[in-house]
Amino acid sequence: MPQVKRQTGMIYVALLLAITLIGGLSAVGLKVAQTLQQRSAEAELVAIGLEFRNALQSYAEATPNGLPNTPAALAELLRDPRSPGTQRHLRRIYHDPFTGKAEWGIVRDPEQRIIGIHSLSNTPTFKRENFPTELSALSGKLRHADWVFAIATLPAPQQGEKTSTF
């Protein structure tokens, strides 16, 4: 009879070790999945930021004489009010992959017109280097809210057009 109790105790210890091992592997697996998800969201944020940046650039380049070359609201990128026809610089206002909302931090010039956007997420970044050349200013930034996607350069003003400095 004592031999049966010893075997039961060993099975119990083996079962506890197996549960501990499975729990540890699950925790590592969840951390890896979380890291992969954040890296994917960062890649999506960079792609969306480039879309906004290119839309702002397109808006500036399509500016008729005497009109502001930056929008007052993001909705102006969806349908440019300065032209009689339908002109779209952006197909839709994208959702921030970190907040899940179509709400962005707005960077404005002194005339309160939009020159860039950024995420409202304060989560720390994984990616801190190896950005595309046009986004090299993002290198070394520690939070996603610090990744500002702003217009590269404004076209030279037309005669009679006001210049704005940033």
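Numbering (the numbering used here), first residue to last: 4 to 169. Ideal placement from N, C-alpha and C gives every residue a C-beta, glycine not left out.
Assigned exposure category for residue i - 16 Cβ within 10 Å defines buried
i: R91; result: exposed
i: I120; result: buried
i: A105; result: exposed
i: P100; result: buried
i: L20; result: exposed
i: N133; result: exposed
i: L33; result: exposed
i: L18; result: exposed
i: T73; result: buried
i: T66; result: buried
Length of the line joining the Cα atoms of residue i and residue j
i: L123; j: A148; result: 5 angstroms
i: H98; j: A58; result: 16 angstroms
i: A140; j: G27; result: 39 angstroms
i: I22; j: V16; result: 10 angstroms
i: R94; j: A155; result: 20 angstroms
i: P127; j: E45; result: 11 angstroms
i: V110; j: Q60; result: 14 angstroms
i: Y174; j: A50; result: Past the boundaries of the shown model lies residue 174; the chain is included only from 4 to 169, so the question cannot be answered.
i: R146; j: A75; result: 26 angstroms
i: Q115; j: G108; result: 13 angstroms
i: E79; j: S29; result: 47 angstroms
Reduced DSSP secondary structure (H/G/I, E/B, other) of residue i
i: A30; result: helix
i: A153; result: strand
Any chain C beta carbon closer than 8 angstroms to residue i
i: G32; result: Chain labels in this structure do not include chain C; a single protein chain is all it has.
Checklist line | Cβ contact (3+ pairs, closer than 8 angstroms) linking the stretch 31 to 39 and the stretch 53 to 73 | finding: no
Note to self: Report the start-end ranges of each beta strand (DSSP E) in the stretch 85 to 134 that is 3 residues or longer and not cut off at the edges.
What the structure shows: 108 to 111, 117 to 121
Next item on the list: Jot down the residue ranges of each uninterrupted alpha helix (DSSP H) in the stretch 31 to 87, minimum 4 residues, whole runs only, in chain order.
Entry: 78 to 81
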